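Each residue of the sequence shown is one higher than the one before, counting from 1 in UniProt numbering.
Note that CB positions come from ideal geometry on N, CA and C, so glycine has one too.
Only a predicted model underlies this, so the values are computations on that prediction, with no experimental measurement involved.
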Amino acid sequence: MSSSSGRYIRYLLFAVFGLAIIGFISRSSLPLPEKYESALLLNKGKQSTESTESKPIDTSHQSPVVSRPPELTPSGDRINATFVTLARNNDIWEIAKSIRQVEDRFNRNHHYDWVFLNDQPFDDTFKKITTSLVSGKTHYGLIPKDHWSYPEWIDQNKAKKVREDMKERKIIYGDSESYRHMCRYESGFFFRHELMLNYEYYWRVEPSIQLFCDISFDPFRYMKENNKKYSFVLSLYEYFETIPTLWDSVQKFASANPQHIAEDNSMGFLSDDGGKTYNKCHFWSNFEVGSLEWLRSDAYIDYFTSLDKDGGFFYERWGDAPVHSIAAGLLLKKEEIHFFNEIAYYHVPFTHCPTGEQTRLDLKCHCNPSDNFDWKGYSCTSRYFQINNIPKPEGYEKEE
Ligand SMILES: Nc1nc2c(ncn2[C@@H]2O[C@H](COP(=O)(O)OP(=O)(O)OP(=O)(O)O)[C@@H](O)[C@H]2O)c(=O)[nH]1
Ligand SMILES: [Mg+2]
Numbered sequence: 001m002s003s004s005s006g007r008y009i010r011y012l013l014f015a016v017f018g019l020a021i022i023g024f025i026s027r028s029s030l031p032l033p034e035k036y037e038s039a040l041l042l043n044k045g046k047q048s049t050e051s052t053e054s055k056p057i058d059t060s061h062q063s064p065v066v067s068r069p070p071e072l073t074p075s076g077d078r079i080n081a082t083f084v085t086l087a088r089n090n091d092i093w094e095i096a097k098s099i100r101q102v103e104d105r106f107n108r109n110h111h112y113d114w115v116f117l118n119d120q121p122f123d124d125t126f127k128k129i130t131t132s133l134v135s136g137k138t139h140y141g142l143i144p145k146d147h148w149s150y151p152e153w154i155d156q157n158k159a160k161k162v163r164e165d166m167k168e169r170k171i172i173y174g175d176s177e178s179y180r181h182m183c184r185y186e187s188g189f190f191f192r193h194e195l196m197l198n199y200e201y202y203w204r205v206e207p208s209i210q211l212f213c214d215i216s217f218d219p220f221r222y223m224k225e226n227n228k229k230y231s232f233v234l235s236l237y238e239y240f241e242t243i244p245t246l247w248d249s250v251q252k253f254a255s256a257n258p259q260h261i262a263e264d265n266s267m268g269f270l271s272d273d274g275g276k277t278y279n280k281c282h283f284w285s286n287f288e289v290g291s292l293e294w295l296r297s298d299a300y301i302d303y304f305t306s307l308d309k310d311g312g313f314f315y316e317r318w319g320d321a322p323v324h325s326i327a328a329g330l331l332l333k334k335e336e337i338h339f340f341n342e343i344a345y346y347h348v349p350f351t352h353c354p355t356g357e358q359t360r361l362d363l364k365c366h367c368n369p370s371d372n373f374d375w376k377g378y379s380c381t382s383r384y385f386q387i388n389n390i391p392k393p394e395g396y397e398k399e400e
C-alpha cells in the first residue's frame, strides 16, 4: 500500500468517525421534545387560525357608559339615599376627581345613586364622564328658574350696590351674583328638587375634594340607625362681614316660632352668651351627610322662608354653611348631630385627618395627621365635644 493511499484511508476513517460523533451530539444534546414540538405546532395553529379567522370588531354599538362592574352589595342593603352635587358644566374635571375618590374609598362597594343639579342644562361631556365614574345610577336635574333668581321682594339695585361695596372691601365672593344664588339654593332648595324627593338621606360632594381613608362602614346607614339628622367633619368660624345681621334674623325667627326650637339643642355650639350673640361657629357644609326629611320639615322650611324674607342672601352674603349649621344647632336635639372622625376629608384649604393612629392605620389613610384642623385654634370642633360631653378621640393632644 502506497503512503498516499494509506493517507487517503486515514482521512476517510476520520471523516466517518467525525460525522458519527456530530450525528450523536446533535441528537443527544439538542433534543426537541415531542411536547415542545406539539406546543409550537399548536401555537402556530392558533396564530394562523386567529389571523385567518379574525374579523374587524364592530365597536359602533359599544359605549363606555353601559359597562358596569358587577353589583357587590345587593340593592336591598342600601339605605334610601343619594350623593348630590351642584355643579356647572365646566366643573367636570374637578368633580370627576371627587367622584373617583368617593367611589374608590366607599361607593364601589355600595353603588349609591348620584344626583347632579345645575342652573344650566348639563352637557353631554358632563353626563358621559360622570356616568362612567359613578357605580350607582346617575340623575341630572335642571334647577327651576324660581329657585335660582331674585324673589320679588328683593331690591336688585340695593343688592348690586352691596356687591360693588364688597368688591371694594375685597370680601371673598363678595361681588359675585351667582355665588349668592348658589348659597341660597343650597340653603333652601336642593332638597326639594324633584329628583331629590324620593330619597331620605343625602351626602353632598363638591368638586376638588379629597378622601384620605377607606370608609369601611355605610355613613347613610349609620345616620338612619342612630337617628342622626346632620353630620360634619370640619367646623370653623365664619367671616363676619358676610353675615352681619344673620343672627338678628335667626332671633326674630326663634321668637316667632318657639315651637320649632328643640329643647336640648346645641345653642352652646353657636353662642357663648346663651344666645345673645353668635360666635360664628359653623359646620363646613361642603361636606354633609344629612336627613332630607329634616330639611323638608315644617321647622326647617319655616326657618329658611323667614331668613329668605329678610334678604341677607342678597343684601349681605349669607353662606349655606352658617344657615344650615344654625338650623341644626337650634332645630335639632344635640344628639341628632354627628361628627364623623373616620371620614378623612379635604376641601381647600382645610383637612380633617382622623385622630388616632390605629384608626388611620386600619382605614389605610394617607393624610398627614399634623394637617388635621380639628384641634387647632380656628376650629369649633372642640366646642362640639364639650357641649355633648363626649371625650375627644385618643391622641388629640398631639395634634393641637
Ligand atoms: N350650577 C352651578 N353650580 C355652582 C355655581 N357656583 C357654584 N356652584 C357649585 O356650588 C358648590 C359650591 O361652590 P364653590 O365654588 O365650591 O364654593 P366654595 O366651596 O365656597 O368655594 P371654593 O373654595 O372655591 O370651593 C360647588 O359644588 C360648585 O360646583 C353656579 O353658578 N352654578
Ligand atoms: Mg367648594
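- Of all C-beta pairs linking the stretch 209-229 to the stretch 178-195, fewer than three are shorter than 8 Å, placing the two stretches out of contact.
- Using a Cβ-Cβ distance cut-off of 8 Å, the stretch 227-237 and the stretch 329-344 are in contact, since at least three pairs of beta carbons, one from each stretch, lie closer than that value.
- Rounded to the nearest angstrom, the Cβ distance from Ile-92 to Ile-129 is 6 Å, consistent with a contact under 8 Å.
- The beta carbons of Tyr-201 and Ile-326 sit no closer together than 7 Å.
- The set of residues with a C-beta under 6 Å from any non-hydrogen atom of ligand 2 comprises Glu-206, Asn-286 and His-347, given in chain order.
- Two segments are said to touch when three or more pairs of C-beta atoms, one from each, lie closer than 8 Å; by this definition the stretch 289-298 does not touch the stretch 353-362.
- Fewer than three pairs of CB atoms, one per stretch, sit closer than 8 Å, so the stretch 308-323 makes no contact with the stretch 367-381.
- Residue burial annotation: Val-115 is buried, with at least 16 other C-beta atoms found within 10 angstroms of its C-beta.
- Proximity of the beta carbon of Ala-87 to ligand 1 is indicated: a heavy atom of the ligand is located closer than 6 Å.
- Rounded to the nearest whole angstrom, the CA to CA distance from Lys-167 to Asp-175 is 5 Å.
- Closest by C-alpha distance to Leu-330, out of Phe-304, Arg-100 and Arg-221, is Phe-304.
- The closest CA to that of Asp-310, considering only His-110, Ile-154 and Thr-242, is found on Ile-154.
- In the DSSP assignment, Ser-178 falls outside any beta strand (DSSP E) and lies within the alpha helix (DSSP H) extending over 177-188.
- When the Cα atoms are used, Lys-160 and Ser-187 turn out to be separated by approximately 21 Å.
- According to the DSSP assignment, Phe-106 belongs to no alpha helix (DSSP H), since it is labelled neither H nor E.
- The residue from Lys-158, His-111, Lys-334 and Ala-96 with its alpha-carbon nearest to that of Ala-262 is Lys-334.
- Annotation: the continuous alpha helix (DSSP H) that includes Phe-126 extends over 124-133.
- CA-CA distance, Tyr-230 to Glu-103, rounds to 22 Å.
- Per DSSP, the beta bridge partners of Glu-288 are Arg-204.
- Under the three-state reduction of DSSP output, Trp-153 falls in the coil class, being neither helix nor strand.
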